[in-house]
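Number of protein chains: 2
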Amino acid sequence: MDGIALRVGAAFPLHVLGMQRAGEPPRELPEGAFCWEVTTGSVLPIGANCIIPVEQIRRVDDQVFFMGDELPAQGAFIHPQASDRTQGDVLLCEGQKLDGPSLAVLAANGVATPLVSREPSVCVVTTGDELVEVDEPVQPWQVRRSNYYAIMGMLQLHGFSMLEHRTLKDAYDETCAVLGDIIARYDVVLLSGGVSMGAFDYVPRALEHIGVQCVFYKVLQRPGGPLWFGYGSAGQRVVGLPGNPVSAMVCMARYVLPLLDQAAKRAVGEVVSLSLTAPVPRLAQRTRFVPVQVRGGEAQPFPMPTSGDFMGLPQTGGIVELSPGEGEAFAGTRVPFYPWA
Amino acid sequence: MDGIALRVGAAFPLHVLGMQRAGEPPRELPEGAFCWEVTTGSVLPIGANCIIPVEQIRRVDDQVFFMGDELPAQGAFIHPQASDRTQGDVLLCEGQKLDGPSLAVLAANGVATPLVSREPSVCVVTTGDELVEVDEPVQPWQVRRSNYYAIMGMLQLHGFSMLEHRTLKDAYDETCAVLGDIIARYDVVLLSGGVSMGAFDYVPRALEHIGVQCVFYKVLQRPGGPLWFGYGSAGQRVVGLPGNPVSAMVCMARYVLPLLDQAAKRAVGEVVSLSLTAPVPRLAQRTRFVPVQVRGGEAQPFPMPTSGDFMGLPQTGGIVELSPGEGEAFAGTRVPFYPWA
Numbered sequence: 001m002d003g004i005a006l007r008v009g010a011a012f013p014l015h016v017l018g019m020q021r022a023g024e025p026p027r028e029l030p031e032g033a034f035c036w037e038v039t040t041g042s043v044l045p046i047g048a049n050c051i052i053p054v055e056q057i058r059r060v061d062d063q064v065f066f067m068g069d070e071l072p073a074q075g076a077f078i079h080p081q082a083s084d085r086t087q088g089d090v091l092l093c094e095g096q097k098l099d100g101p102s103l104a105v106l107a108a109n110g111v112a113t114p115l116v117s118r119e120p121s122v123c124v125v126t127t128g129d130e131l132v133e134v135d136e137p138v139q140p141w142q143v144r145r146s147n148y149y150a151i152m153g154m155l156q157l158h159g160f161s162m163l164e165h166r167t168l169k170d171a172y173d174e175t176c177a178v179l180g181d182i183i184a185r186y187d188v189v190l191l192s193g194g195v196s197m198g199a200f201d202y203v204p205r206a207l208e209h210i211g212v213q214c215v216f217y218k219v220l221q222r223p224g225g226p227l228w229f230g231y232g233s234a235g236q237r238v239v240g241l242p243g244n245p246v247s248a249m250v251c252m253a254r255y256v257l258p259l260l261d262q263a264a265k266r267a268v269g270e271v272v273s274l275s276l277t278a279p280v281p282r283l284a285q286r287t288r289f290v291p292v293q294v295r296g297g298e299a300q301p302f303p304m305p306t307s308g309d310f311m312g313l314p315q316t317g318g319i320v321e322l323s324p325g326e327g328e329a330f331a332g333t334r335v336p337f338y339p340w341a
Numbered sequence: 001m002d003g004i005a006l007r008v009g010a011a012f013p014l015h016v017l018g019m020q021r022a023g024e025p026p027r028e029l030p031e032g033a034f035c036w037e038v039t040t041g042s043v044l045p046i047g048a049n050c051i052i053p054v055e056q057i058r059r060v061d062d063q064v065f066f067m068g069d070e071l072p073a074q075g076a077f078i079h080p081q082a083s084d085r086t087q088g089d090v091l092l093c094e095g096q097k098l099d100g101p102s103l104a105v106l107a108a109n110g111v112a113t114p115l116v117s118r119e120p121s122v123c124v125v126t127t128g129d130e131l132v133e134v135d136e137p138v139q140p141w142q143v144r145r146s147n148y149y150a151i152m153g154m155l156q157l158h159g160f161s162m163l164e165h166r167t168l169k170d171a172y173d174e175t176c177a178v179l180g181d182i183i184a185r186y187d188v189v190l191l192s193g194g195v196s197m198g199a200f201d202y203v204p205r206a207l208e209h210i211g212v213q214c215v216f217y218k219v220l221q222r223p224g225g226p227l228w229f230g231y232g233s234a235g236q237r238v239v240g241l242p243g244n245p246v247s248a249m250v251c252m253a254r255y256v257l258p259l260l261d262q263a264a265k266r267a268v269g270e271v272v273s274l275s276l277t278a279p280v281p282r283l284a285q286r287t288r289f290v291p292v293q294v295r296g297g298e299a300q301p302f303p304m305p306t307s308g309d310f311m312g313l314p315q316t317g318g319i320v321e322l323s324p325g326e327g328e329a330f331a332g333t334r335v336p337f338y339p340w341a
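Chains A and B, in that order, give the protein sequences. If you're matching positions, the first sequence starts at 1 in UniProt numbering and goes up one per residue. If you're matching positions, the second sequence starts at 1 in UniProt numbering and goes up one per residue.
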């Protein structure tokens, strides 16, 4: 607090001995009608036990007069050493995200080199002979590579930077060879496409051929049914995402971002639940994901004309999850929300 | 959809002419009992008008038998060109954040070099003679520099990267000279400390001296009262943040992050409102900010032992804002929430 430091009981007017500046060692305050001028951040002069804010005094040359109604009590506006925390207190726990407040805590406590978890390296592998690059001419029977950008964008906005990209043709032998090489060099492998039931959907077979252990294949959900997950022999996490862009983004938000938080030893955040502003039909046998706009803490379902149409998704903030069941989830139902990043 | 492409009305069993692979130009489907095998992502063969999924057929050599209950209708599982959007439709608006979905939209539409807004350059200036570096020995009358790390962390997590740092001693002439140099080179200048009423709080005077126009100084709020804001002659945004770490972080979350979104021409997101889980006393004459933990979409007020104690803030997700008034904001009151990043 900017003001004067004095002994409680000293009789006004007080003689100002000078300035106790922030960053200077403490001055001595003798007995009697004396005080030191102090600034916010300065140490308490030795002998002082009370601060009066500058707004409550009037200074005439070296004399200070008290202009307030009531003198502050002993200890007023003094922040004693070790009053916030003491030696041995736990300040940050494992998994703490290094956000503004936690960086301030580390810095204030002199922790210049905190122990952090290693960021997992991620390889994004996109498959599909129909894909052409974004800046190449496209034929009516081709589509531009887009899942790669969506996946990379979601990973980057989620705080990951050790990201690489490979492309695969729809050919079994090449798929096996390239995946075998990739799996040896990355902590996480995210494949896009090639996991459906088509004759050229080589990904599940190729992954098993190179020794990736399947944990599950296919989930009773829409979109995103043909999702594949397994572990490499060194614990690498391998995800086969559906090639449909909406499905791929839904699986990223719902499964892959939390999986990567876990791989990075980040504490996985609690899932936010939002209240629906309009009813949404459930699916009898499957979990349903619906894109939503978040407005005033509520989730407004966003209509998707067709399952492949993702042109409206930039207007949404993420998806909500509806458990399987009959009828509809009514307006006001609280449902889990997964943001796009 | 993986399956076969046929003409509606063709009599089963159908003869399979071969594979229409994804990425290949369309094949010809002659009249009669013929079909092409198709995969998800392949173009529709010329003459076909219906797809039957692979799950509903049985194949014996080159013959295909229908095993489903009901034949799919004309157009089933076909995604016609221009059915999602047509030429001239607006896909992304100004201010759109380039998240996963919007990157997918850009890529799918061949926009390899979208027009984006320039990121503002930011200089963080920390002041205070009492500050020592995080890895230096600290005396009892000194404190370690921590606001710098908190501010940089908040800016980085919010997506800003053109960040630099300068330090200032509490001296008027040096402050004027250094700030004059900085203001000429950055779009945004964020100062920490030196804005209170102390004799060495040179920042407001120095800013006015170098021609920064004050828009406001001091806000009826706690914490964060001595907040300064103004514009440089070229429209540079200049913020003087209080030196108290809690105050600095509160002002960053509440004012500076939205200000930077505006400077970057990002659409400023709608403020989320959360429901309080416990009552919080209001301040009669001032807006009050209270750190909260976000749990299940509700805001749980987090006790702060003293105004200078920020050691507990890493456990919180941000702050809520209570308007001035008598009494308390009851549990269940919806209040605006500002996250730490």
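Glycine included, every Cβ here is placed at the ideal spot set by N, Cα and C. Keep in mind it's a predicted model, so treat the numbers as computed, not measured.
- DSSP places B:Ile-319 inside the beta strand (DSSP E), whose first and last residues are 318-322.
- If only uninterrupted beta strand (DSSP E) runs of at least 3 residues are considered, those enclosed by the segment 9-37 of chain A are 14-20.
- Three or more Cβ pairs closer than 8 Å define a contact, and the segment 205-225 of chain A meets that threshold against the segment 164-183 of chain A.
- Sorting B:Ser-247, B:Asp-181 and B:Gln-221 by C-alpha distance to the C-alpha of B:Gly-194 places B:Ser-247 at the top.
- Nearest neighbour of A:Gly-128 by Cα position, chosen from A:Leu-91, A:Gly-317 and A:Leu-191, turns out to be A:Leu-191.
- A:Asp-99 and A:Leu-71 have their C-alpha atoms roughly 40 Å apart.
- Neighbours of A:Phe-310 across chain B, judged by C-beta separation under 9 Å: Asp-84, Pro-101, Ala-104, Val-105 and Ala-108.
- If the five residues before and after A:Glu-28 are omitted, its C-beta is found closer than 6 Å to the C-beta atoms of Ile-46, all from its own chain and listed in chain order.
- Neighbours of B:His-15 across chain A, judged by C-beta separation under 8 Å, do not exist; the nearest C-beta is about 17 Å away.
- Under a 10 Å Cβ-count criterion, B:Gln-221 is classified as buried, with 16 or more other Cβ atoms of the shown protein chains found around its own Cβ.
- Take A:Ala-11, set aside five residues on each side of it, and the residues of its chain with a beta-carbon closer than 7 Å to its own are Ala-33, in chain order.
- At least one beta carbon of chain A lies nearer than 8 Å to the beta carbon of B:Val-138.
- Just so you know, the alpha carbons of A:Val-90 and B:Pro-245 end up roughly 19 Å apart.
- In the three-state reduction of the DSSP assignment, B:Pro-258 falls in the helix class, which pools H, G and I.
- Interface residue (Cβ-Cβ distance to chain B less than 8 Å): A:Gln-56 is not classified as such.
- Where A:Cys-251 is concerned, the enclosing alpha helix (DSSP H) starts and stops at 245-251.
- A:Pro-301 carries a strand assignment under DSSP once its states are collapsed to helix, strand and coil.
- For B:Asn-147, the chain A residues whose Cβ falls inside 8 Å of its Cβ are Ala-104, in order along the chain.
- Counting along the chain, the unbroken alpha helix (DSSP H) around B:Ser-102 starts and ends at 100-108.
- The DSSP-derived three-state label of B:Arg-58 is strand.
- Annotation for A:Thr-287: Val-219, Leu-220, Gln-221, Arg-222, Glu-321, Leu-322, Ser-323 and Pro-324 place their beta carbon closer than 8 Å to its own, counting only its chain and skipping 5 residues before and after.
- In the three-state DSSP reduction, B:Glu-133 falls in the coil class, being neither helix nor strand.
- At a cut-off of 8 Å between beta carbons, B:Asp-2 contacts chain A.
- Within the segment 21-47 of chain A, those residues whose Cβ lies closer than 8 Å to any Cβ of chain B are, in chain order, Arg-21, Ala-22, Gly-23, Glu-24, Pro-25, Pro-26, Glu-37, Thr-39, Thr-40, Gly-41, Ser-42 and Val-43.
- Under DSSP, no beta-bridge partner is assigned to B:Ile-183.
- Excluding five sequence positions before and after B:Leu-227, the CB atoms of its chain that fall closer than 6 Å to its own CB belong to Val-219 and Cys-251, given in chain order.
- With a contact defined as Cβ atoms closer than 8 Å, B:Arg-295 and A:Gly-110 miss out at about 32 Å.
- B:Thr-167 is positioned such that its CB atom lies no closer than 8 Å to that of B:Thr-113.
- Using beta-carbon distances, A:Met-162 does not count as an interface residue toward chain B, since no partner is under 8 Å.
- Nearest C-alpha to B:Gln-285 among B:Gly-153, B:Ala-267, B:Glu-326 and B:Leu-103: B:Glu-326.
- Going by beta carbons, B:Ala-5 and B:Val-38 fall inside the 8 Å limit.
- By the Cβ neighbour-count rule, A:Met-67 is exposed, with fewer than 16 other Cβ atoms within 10 Å of its own.
- Membership of A:Ile-151 in any beta strand (DSSP E) is not indicated; the residue belongs instead to the alpha helix (DSSP H) covering 147-157.
- Chain-ordered listing is empty here: chain A has no CB closer than 7 Å to the CB of B:Thr-287, the nearest sitting near 20 Å.
- Shown in chain order are the members of the segment 58-79 of chain A whose Cβ falls below 8 Å from a Cβ of chain B: His-79.
- Taking 8 Å as the cut-off, the Cβ atoms of A:Pro-336 and A:Ser-233 do not count as close.
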